[in-house]
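This note's numbering numbers the first residue of the sequence shown as 23 and each following residue consecutively. Worksheet for the structure shown next.
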Amino acid sequence: PPSSSELQKRISGEQEPPFLDSVKKFLATKGFSRALACFICSISVTNIVGAFIEEVLERGGIVDQLQVDLAGAGFELAILLGGIFIGGYVDKTKEYKRVTMACLALAAFMTVPLGLTEHFIGKEPAVLVLSLLGLGMVAGPIQPINAELAVDVTYPGDETAVESVQQIGGNLVSALLVPLAELALHQDYELLPGNKYFESDIRGDVVLLLGLIGATLVYFKGFDAPLRRTAQDCEV
């Protein structure tokens with residue numbers, strides 16, 4: 023539903039500028055590009071993991087189709103629940119930056135077991151599934167949280183245009199990254215070779231995801247834009 027400030031604009035009959043003009047204005051607005059980067063990161067991570075979930079689960083020794091389907095459904099459910107609970111918390115507190123940074127850091131932590139095989143321990147299906155669910159829980163909410171953040175910093179811009187820019191950007195980058203992830207899927211990188219207890223290998227697609235999450239976290243750390251819509255709603 024529209025915010026109270028957006029509803030007020032609709033009631034007053036205020037006209038929005040052309041879409042392309044809005045896009046240029048959004049990109050020039052302080053804080054928008056950082057919220058956009060987080061939105062793109064979230065949708066890319068969840069799309070890539072979802073696209074190759076069978077391969078991811080196979081690494082942990084899960085090959086039964088029913089188990090794969092259940093794990094995939096659990097991943098989607100975790101995304102939904104994360105959006106409800108974590109997103110709901112941010113909606114009340116407006117702690118966009120603190121929660122987003124925490125979610126990004128946790129997403130990186132949860133991503134590692136999806137592609138890391140510790141030779142001494144071997145395959146750990148339980149750890150893999152728990153990491154998958156945890157990733158969905160913390161990576162999924164980044165998307166709606168930063169959709170709201172983008173609307174907040176661009177107020178009084180068109181909320182629909184803001185969300186459209188994010189969806190287009192997110193889907194475009196995600197579509198470009200999926201083929202790269204597929205290529206990286208079959209690449210293995212050895213860690214600590216020759217060490218009896220810590221020798222392991224990590225898959226290339228997970229390295230790609232970690233790079234994406236890490237770069238987004240570093241970039242978003244510089245967010246310091248004013249929350250214009252929140253300020254306006256507090257005055258109403």
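Here a beta-carbon is modelled for each residue, glycine too, at the ideal position from N, C-alpha and C. If you're wondering where the values come from, they're calculated on a predicted model, not measured in any experiment.
Sequence-distant partners of TYR118 (beyond 5 residues in either direction) whose C-beta falls short of 7 Å from its own C-beta, in its chain, are VAL112, ILE167, LEU171. Annotated three-state conformation of GLU212 is strand, per DSSP. The three-state reading of DSSP puts ILE224 in strand, counting E and B together. Contact annotation, GLY109 with PRO163: C-beta distance approximately 5 Å; criterion of less than 8 Å satisfied. Each of PRO215, ALA124, ALA237 was checked against the Cα of ALA59, and the nearest Cα belongs to ALA237. Runs of the alpha helix (DSSP H) lying entirely within the segment 44–113 and spanning at least 4 residues, in chain order: 54–73, 75–81.
Assignment of LEU207 by DSSP, reduced to helix, strand and coil, places it in the coil class. One thing to note: PHE61 has its Cβ within 7 Å of the Cβ of GLN188. Our two residues, ILE84 and PRO248, have alpha carbons roughly 47 Å apart in a direct line.
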